[in-house]
Every structure is written in C-alpha cells, then in structure tokens.
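Line order of the protein sequences matches chains A and B. All residue numbers for the first sequence refer to my numbering, where the first residue is 7 and numbers rise by one. All residue numbers for the second sequence refer to my numbering, where the first residue is 16 and numbers rise by one.
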Amino acid sequence: MVGHDLRNPLTGIKNSAYFLKKKGSKISQAQAQEMLEIIDKCVNYSNKIINDLLDYSRQIRLNLEEESPKKLLADSISMLDIPKKIKIITHLSDEPTVTVDPDKIKRVFINLMKNAIDAMPKGGKITKTSKQVNGSIEVSFSDTGEGIADDVLPKLFSPLFTTKAQGMGFGLAICKRIIEAHNGTIAIKTVKEKGTTFTVTLPIELKFEVGGENNWIKTPESSSSTMMKQ
Amino acid sequence: MDKNTRILVVDNDETIRTTMKTILEDEGYLVDLVGTGKEAVQKTQEKTYNVTLLDIRLPDMEGVELLKLMKDSIPRTRKIMVTGYPSIQNAIGALNKNADAYLLKPVEVEKLLNTVKMQLQAQDSERKFSEQKVAEFIDSRVKELSDRHV
Chain A
7 MVGHDLRNPL
17 TGIKNSAYFL
27 KKKGSKISQA
37 QAQEMLEIID
47 KCVNYSNKII
57 NDLLDYSRQI
67 RLNLEEESPK
77 KLLADSISML
87 DIPKKIKIIT
97 HLSDEPTVTV
107 DPDKIKRVFI
117 NLMKNAIDAM
127 PKGGKITKTS
137 KQVNGSIEVS
147 FSDTGEGIAD
157 DVLPKLFSPL
167 FTTKAQGMGF
177 GLAICKRIIE
187 AHNGTIAIKT
197 VKEKGTTFTV
207 TLPIELKFEV
217 GGENNWIKTP
227 ESSSSTMMKQ
Chain B
16 MDKNTRILVV
26 DNDETIRTTM
36 KTILEDEGYL
46 VDLVGTGKEA
56 VQKTQEKTYN
66 VTLLDIRLPD
76 MEGVELLKLM
86 KDSIPRTRKI
96 MVTGYPSIQN
106 AIGALNKNAD
116 AYLLKPVEVE
126 KLLNTVKMQL
136 QAQDSERKFS
146 EQKVAEFIDS
156 RVKELSDRHV
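So this is what it looks like as structure tokens:
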C-alpha cells in the first residue's frame, strides 16, 4: 500500500522531469509551468505520506488547552474546501470547554469531515452535532452517502486499510489513536444507502493516571520541562 | 505511425493522467483520459482505441477486473497494465487476464514509449495477418464457386 502510494507521485515527478528534459529550451512557458506545478504537487503529496507514516509510528504528545467544541469545529471547517454540492448543517449546543490538544482534535474533525465529503461524490448533506452527555462531550458527523459495507466495518480503524484508490489508510487509524490518547472514544453507525455517522466522545475533564501508556501529556499549567508520560 | 493512433489512459491519479497525456501527445498520439473503471468502459464504447494504459488500482474496481471486462468488449485493443504493486501475483494475475504488457511505476518513460510502439507493431501484424487470411479465404471461395459453375 505504502509502495503504491509513493510510486504514484514518483511517477508524476518522473514524467514531468522527462518532458522538461526532452523539450529543453523549446518548451512553452505554459507547459513548463504545468510540469513544475505537478512536481511541486507530487513532492507535497509524498511528504504527506511520509508524515502520516511518522505520525502513526511515533508516540503521541498532547499539548493540552481549554477549548470550546464550537471553536474546534469552526476552525476545522474553515480549513476545508467544501464542494458546492455538499450542504453543511450544524446543531451545536453550548457545552463547557474541554481539555484537549486543539491541533490534534482539529485534525480528527478535518479527517472525519473529509471522509464524509468523499462518501458523497454526487453531493449530499453533512450534519455536525455536538452535545453534552454526562461528563463527556459528543461530537458527531453524519453524511448521507452510501454507508459502509459490512465487511469493511471491522477493518476501518486498522492502519494500512483503505477503500480509496488514493490514500494509505492511516487517516482513521491516527484519529483513533488521538481520541484514545484523550481518554475518549470514536464510534461508527452506518446504514446502507442512508449514510454514516462518526461520533467522537471526549471527557470534559481529562484525567490521567501516570504510567502504562505511550502518550506524552503537557497540561495547560505545566511548562515544557514538566511533561509526563501517561 | 498512423496519425489516428488512439490511446486511453486509465489512472485515478490526476498528475499521472496529465503528464502521460502531455508525453504521449508530444509523440503524436491521440490521447483520452479517465479516472475510473466505469468511465473507461463508457469511453471504449464510444471510441476505438489502439492501446489502453491501465492502473491496477481504481476507485470503483480493480484494474484486473476492468481488464477482464475489456478482454470481451475490446479484444483487439492492446492492454498495458501499469502498477505500483510490484508483486509476482499481480503480474501473473494481469497477464492471465489478457494484459499484453505489465509495467511498474515509476515507469521509465522511454520504456513505456517503447512498449506502446511494440504493442502497436504487434497489433498491426495481427491486423495484416487477419486481412491476409480473409483475402485468402475469399480467393479460395471465389475459385471454388467458379469451379462449380464451369
């Protein structure tokens, strides 16, 4: 899987380099620009693959801050390019702030939103919901896509598993690691031809017991020298 | 080379499609691009292609599955598998399902162009052989009928 994914951008780079070399000074400005942009795009994509691999293999470090789920969702959506054929519906209640690593939680939200968009190539609706349930916050993303096949569901959070032609299958595996590092959970509910809902549950107050896990926590009060291993 | 030599590139990666088109068009081929198996089936129903370059992994079906469909629908089109999965099983699987050639990504462009040329030559030889066989059949049939009437 990793091999295939890296070989695609390498092919793009190789083809562009071949054409630039072959044409030399005879190449038009527009064609040279197009080939250079492809090289740039392929290098960025290769870099993303390498970063995903590193992210998955390294220990998770949490830089904790108090943040409102509303802001985390708003920041995440602002970083996405939503196609016009996708409608976003938001049901957010006023919940208390949560103690999380904002960048990592935003990464999870962006990943879930991107998956929801990919699940609806012909367009559809994404409903974002957040609500307080006892001592936790539940954030859900529902799409109106085709749903997930029964045989795919058990493998969904496994690294290197993907149903996409392009992608290595680290997205959801990393999401699960991030959420579990926050002592939270991530759940799926899917109905064939109706859609899928991913629900992230995060504790409002993050409590850790020292020892046992492989996550590094930096609490809001602590300095960088007082990180503790969870 | 025939000015109307037509090639269909089937790959889900946009950068590969774009660069392939640029390179192949520069060599004088007419090139169409598609990103899915379904689009590939549709295109081959609309136009006749001399060669198809097929990725082994597509968003809606496996490349070998598409190969199997094409074996029945467009048997004369030369099919070249281009893959990022360099396993012997994939190679055997593709060749068993009627691939005419099998190349590994990232492909040396010269090698790709040579493979396309070789497949076009093989296709041309096949066509000439078929034409010769048809001509021989017509000649022998005409002679047979003439003999009967004498």
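Glycine included, each C-beta is placed from N, C-alpha and C at the ideal position.
Quiz item: If we cut at 8 Å on Cβ distances, does A:Gly129 have a partner in chain B?
Solution: Numbered from its first residue, the first sequence carries residue 129 of chain A at position 123. Answer no: the Cβ-Cβ gap between A:Gly129 and chain B never drops below 8 Å.
Quiz item: Under three-state DSSP, which class holds B:Tyr100?
Solution: Sequence index remark: in the second sequence, residue 100 of chain B carries index 85 (1-based). In the three-state scheme derived from DSSP, where H, G and I count as helix and E and B as strand, B:Tyr100 is classed as coil.
Practice problem: Have a look at the DSSP bridge pairing and note the partners of A:Gly201. | Solution: Mapped onto the first sequence, residue 201 of chain A falls at position 195. BP columns for A:Gly201 point to A:Val197.
Practice problem: Name, please, each residue of chain A whose Cβ falls closer than 7 Å to the Cβ of B:Thr59. | Solution: For the purposes of this step, residue 59 of chain B is taken as residue 44 along the second sequence, with counting starting at 1. Under the 7 Å cutoff, chain A gives no residues; its nearest Cβ is about 19 Å from B:Thr59.
Self-check item: chain A contact for B:Asp47 (CB, 8 Å cutoff)
Solution: As a working note, residue 47 of chain B is residue 32 in the second sequence. Using a Cβ-Cβ cut-off of 8 Å, B:Asp47 does not count as an interface residue toward chain A, since no Cβ of chain A sits closer than that to its own.
Quiz item: According to DSSP, which residues form a beta bridge with B:Gly43?
Solution: In the second sequence, the residue the question calls residue 43 of chain B occupies position 28. Bridge partners of B:Gly43: none, in fact.
Practice problem: Enumerate in chain order the residues of its own chain whose CB-to-CB distance from A:Thr232 is below 6 Å, with the five nearest sequence positions on each side excluded. | Solution: The count along the first sequence starts at 1 and reaches residue 232 of chain A at position 226. For A:Thr232, the predicted model reports a pLDDT of 41, less than 50, meaning its position is unreliable; a value from the coordinates is still stated below. None.
Quiz item: Does B:Thr20 have its Cβ less than 8 Å from a Cβ in chain A?
Solution: As a first step, residue 20 of chain B is located in the second sequence; it is residue number 5 there, counting from the start. By this cut-off, B:Thr20 is not an interface position.
Practice problem: Give, in chain order, every residue of the region 25-53 of chain B whose Cβ lies closer than 9 Å to some Cβ of chain A. | Solution: If the cut-off is 9 Å between Cβ atoms, the region 25-53 of chain B has Asp26, Asn27, Asp28, Glu29, Thr30, Ile31, Thr33, Thr34, Met35, Thr37, Ile38, Asp41, Gly50, Thr51 near chain A.
Exercise. Report the option in A:Val145, A:Glu71, A:Arg13 whose CA atom is closest to the CA atom of A:Val114.
Key: Locating residue 114 of chain A in the first sequence gives position 108, where the first residue counts as 1. Answer by Cα proximity: A:Val145.
Exercise. Would you kindly work out how many angstroms separate the C-alpha atoms of A:Ser229 and A:Leu118, rounded to a whole number?
Key: One-based indexing of the first sequence puts residue 229 of chain A at position 223. One-based indexing of the first sequence puts residue 118 of chain A at position 112. Note that A:Ser229 scores a pLDDT of 40, beneath 50, so its modelled location is shaky; the value from the coordinates is reported in the next line. So the alpha carbons of these two residues sit roughly 32 Å apart.
Practice problem: Between the Cα of A:Asn140 and those of A:Leu16, A:Gly201, A:Lys134, A:Ile210, spot the shortest distance and give me the residue it belongs to. | Solution: Along the first sequence, read from residue 1 onward, the residue named residue 140 of chain A stands at position 134. Measuring from the Cα of A:Asn140, the nearest candidate turns out to be A:Ile210.
Practice problem: Flag B:Tyr117 as yes if its beta-carbon sits less than 8 Å from any beta-carbon of chain A, otherwise no. | Solution: Within the second sequence, numbered from 1, the residue matching residue 117 of chain B stands at position 102. No, because no Cβ of chain A sits closer than 8 Å to the Cβ of B:Tyr117.
Quiz item: Just how far apart, CA to CA, sit A:Leu212 and A:Asp107?
Solution: Within the first sequence, numbered from 1, the residue matching residue 212 of chain A stands at position 206. Within the first sequence, numbered from 1, the residue matching residue 107 of chain A stands at position 101. Whole-angstrom Cα-Cα distance: 11 Å.
Practice problem: Could you check the C-alpha separation between A:Pro165 and B:Gln138 for me, to the nearest Å? | Solution: One-based indexing of the first sequence puts residue 165 of chain A at position 159. One-based indexing of the second sequence puts residue 138 of chain B at position 123. So the two alpha carbons sit approximately 44 Å from each other.
Quiz item: Got a sec, what are the start and stop residues for the alpha helix (DSSP H) B:Thr130 sits in?
Solution: The residue labelled residue 130 of chain B in the question sits at position 115 within the second sequence. 124-164 is the span of the alpha helix (DSSP H), which, as asked, contains B:Thr130.
Quiz prompt | Assigned secondary structure, B:Leu81 (DSSP; H/G/I helix, E/B strand, else coil) | solution = For the purposes of this step, residue 81 of chain B is identified with residue 66 of the second sequence, where counting begins at 1. Here B:Leu81 sits in helix by DSSP.
Exercise. For B:Leu160, count neighbouring Cβ atoms within 10 angstroms of its own Cβ and tell me buried if that reaches 16, exposed if not.
Key: The count along the second sequence starts at 1 and reaches residue 160 of chain B at position 145. So B:Leu160 counts as exposed.
Exercise. Please name the residue or residues paired with A:Val206 in a DSSP beta bridge.
Key: Taking the first residue of the first sequence as 1, we reach residue 206 of chain A at position 200. According to DSSP, A:Val206 bridges with A:Val145, A:Ile192.
Exercise. Spatial neighbours of B:Leu82 within its chain, please: CB distance less than 8 Å, with the 5 preceding and 5 following residues excluded, ordered by chain position.
Key: Here residue 82 of chain B is taken as the residue at index 67 of the second sequence, counted from 1. Hits under 8 Å: Leu69, Lys94, Met96, Ala109, Lys112, Asn113, Ala114.
Quiz prompt | Reduced DSSP secondary structure (H/G/I, E/B, other) of A:Ser136 | solution = Position 130 of the first sequence, counted from the first residue, corresponds to residue 136 of chain A. In the structure shown, A:Ser136 sits in a strand (DSSP, three-state: E or B).
Quiz item: Who are the Cβ neighbours of A:Phe176 in its own chain at under 8 Å, not counting the five residues just before and after it?
Solution: In the first sequence, residue 176 of chain A corresponds to position 170, counting from 1. Leaving aside the five residues that flank A:Phe176 on each side, the residues in its chain whose CB is nearer than 8 Å to its CB run, in chain order, Asp58, Leu59, Asp61, Tyr62, Pro165, Leu166.
Quiz item: Does any CB atom of chain A fall closer than 8 Å to the CB of B:Lys126?
Solution: Position 111 of the second sequence, counting from 1, holds the residue named residue 126 of chain B. Nearest CB-CB separation between B:Lys126 and chain A: not below the 8 Å threshold.
Practice problem: Using a threshold of 8 Å, state whether the C-beta atoms of A:Glu101 and A:Lys137 are closer than that. | Solution: By 1-based counting over the first sequence, the position of residue 101 of chain A is 95. By 1-based counting over the first sequence, the position of residue 137 of chain A is 131. When the beta-carbon positions are compared, A:Glu101 and A:Lys137 come within less than 8 Å of each other.
Quiz item: What is the rounded straight-line gap between the Cα of A:Gly190 and the Cα of A:Lys93?
Solution: For the purposes of this step, residue 190 of chain A is taken as residue 184 along the first sequence, with counting starting at 1. For the purposes of this step, residue 93 of chain A is taken as residue 87 along the first sequence, with counting starting at 1. If I take the Cα positions, the gap works out to 28 Å.
Self-check item: Span separating the alpha-carbon of B:Phe152 from that of B:Asp26
Solution: The residue you call residue 152 of chain B lines up with position 137 of the second sequence. The residue you call residue 26 of chain B lines up with position 11 of the second sequence. Within the model, the alpha-carbon separation for B:Phe152 versus B:Asp26 is close to 42 Å.
Self-check item: Start-to-end residues for the beta strand (DSSP E) that takes in B:Ala116
Solution: For the purposes of this step, residue 116 of chain B is taken as residue 101 along the second sequence, with counting starting at 1. Here the beta strand (DSSP E) through B:Ala116 covers 116-119.
Exercise. Pull up the distance between the alpha-carbon of A:Lys28 and that of B:Val124, whole angstroms please.
Key: For the purposes of this step, residue 28 of chain A is taken as residue 22 along the first sequence, with counting starting at 1. For the purposes of this step, residue 124 of chain B is taken as residue 109 along the second sequence, with counting starting at 1. Take the alpha-carbon of A:Lys28 and the one of B:Val124: they are about 11 Å apart.
Self-check item: Short Cβ contact (8 Å threshold) for B:Pro121 with A:Lys47
Solution: The residue you call residue 121 of chain B lines up with position 106 of the second sequence. The residue you call residue 47 of chain A lines up with position 41 of the first sequence. Not in contact: B:Pro121 and A:Lys47 (Cβ atoms no closer than 8 Å).
Quiz item: Beta-carbon separation of B:Leu119 and B:Asn65 under 8 Å?
Solution: Locating residue 119 of chain B in the second sequence gives position 104, counting from the first residue. Locating residue 65 of chain B in the second sequence gives position 50, counting from the first residue. Cβ atoms of B:Leu119 and B:Asn65: not closer than 8 Å.
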